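Single-structure report; data block below.
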Amino acid sequence: MPRSIKLFLVAIFGVVLVVMYLEYTAPKPLDWTPDYSRNSNLPLGTQVFFEQLENNQQINLKLNNRPPIESLGEDSINLNQNFIFINNYLPFSGTELDSLLNWVSSGKQAFVSTYYAQTLFDSLGLKTTNLVLNDRINYKPEFQLYNDKRATSVLSKFNKARNYYHHFKELDTLNTVVLGYMQPENSANQKQVNFVKVNYGQGEFFVHLAPEIFSNYFILDKANSDYTTQVLSYLDFENPLVWDAYYKTGRERISSPLYYLLTTPSLKWAYYTLLVCLVLFIIFEGKRKQKPIKVVKPLQNKSYEYVQTISGMYLDKKAHHKMALKMIDLFLAKVRQDFHLQTQDINTQFISQLAHKLNVNKDEVTAFMKKIDRIKRQNHLTKSELIELEQEISKLLNHG
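What the sequence shown shows, in UniProt numbering, is residues 1 to 400, in sequence order.
So this is what it looks like as structure tokens:
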């Protein structure tokens, strides 16, 4: 191996080692990607919340990985169960939204926590907006529950500052009950409605505009546990609770195998180790001398020359009958190979199948097969009859 290539490979090996060291020693920043999937341990994943639901003996939790439209059809109307949707956006399609509305209207409950679900909000008479504060000052949002019947007030805080918040600006007051508010901490802004119940037909929608209250980051703060519990307590847990696992941003994040490889720590280090081993293998294996391999020329196809020789021999001897038999054998071999038909028994079924394969009239094939049979039984054949046979074979095969 040339010295320049060796130096190049050593340099690559050194770069890989440096990258691995920097990756290993660098502080790991929090990934604030909105995930909301049940298996995610990111700050905005819902692994902790989902496990709490699973471990709650009073909740019969079910998992739905399919599009909601497949679970909310006419067959499910008679099932007593409630749905929970948690994600940063919920793009319900027209048909899917109709199924959800009909399903809730029949006496079910649906809990929806999201920033954006425009088609659903429009159907429920809800309008939302963003409260944008000074872009140079970030405030931590405070959430408050209020319910006159329970005479309780629960205050909680998402301990990550930002300068914009989602809240309702218009409600259908005839069918909507306010259940909770949001207010930026230490700001002069009034508290804004962000949690409502909407009566729809015989059922109910619960709509919350802060899906982060179900995130790992929020729930692991002990001061927030009561808030999340009471938000969910409005649901009727006598019926099974169906967790929507389809509309999850985290479900869409794996865009390629390499992305998944590099975002999973154990797989990432295995990948780097493989690269190092590959470089070492190239360096040390490159020293071995390989014997030259003799080039072996492939055998030439002499079939055409062979056929010319045999046919010339038959023509010289005027063995027209033998040549005709060879032509018949080749024709039948082609039928077996190209059309997958057995030629041992030339019967009515065979003739019908061959006529279909060749796309010719059945009578034409019948006449040709009789001619073949006649040639086989006779001992002599003229040159003109041989030419006629060749023309008929060509006509049949070219037509098919």
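By construction, the Cβ of each residue, glycine as well, lies at the ideal position given by its N, Cα and C atoms.
Treat the numbers as computed from the prediction; the structure is a model and nothing was measured.
Excluding sequence positions up to five before and after F50, its CB lies within less than 6 Å of the CB of R38, all in the same chain and listed in chain order. Per DSSP, the beta bridge partners of W243 are L63 and I84. In the structure shown, P27 falls within a coil segment according to DSSP collapsed to helix, strand and coil.
Annotation for T176: the continuous beta strand (DSSP E) segment containing it runs T176 to P184. In this structure, D244 keeps its C-beta atom at 9 Å or more from the C-beta atom of F13. For I346 and I293, the gap between their C-alpha atoms comes out near 53 Å.
By the beta-carbon neighbour count (other beta carbons within 10 angstroms, threshold 16), V242 is buried. CA-CA distance, N56 to T229, rounds to 11 Å.
In the DSSP annotation of this structure, the continuous segment of the alpha helix (DSSP H) that includes V231 starts and ends at S225 to L232.
As a beta-bridge residue in DSSP terms, K197 pairs with V177 and F206. Between D35 and the set V231, H167 and I86, the nearest pair of CA atoms involves I86.
Around the C-beta of S215, 16 or more other C-beta atoms lie within 10 Å, and the residue is accordingly described as buried. By DSSP's assignment, A110 forms a beta bridge with F83 and F205. Between A319 and Q353, the alpha-carbon positions lie close to 32 Å from each other.
Distance from the CA of E142 to the CA of L220, rounded to the nearest whole angstrom, comes to 16 Å. Shown here, F49 sits in a helix according to DSSP, grouped into three states. With a 10 Å radius around the Cβ and a threshold of 16 neighbouring Cβ atoms, V231 comes out buried.
Per DSSP, the unbroken alpha helix (DSSP H) holding T366 starts and ends at K362 to R377. Nearest neighbour of E185 by Cα position, chosen from H340, Y247, Y165 and E388, turns out to be Y165. Looking only at P211, F195 and S106, the smallest Cα-Cα distance to Y89 is reached by P211.
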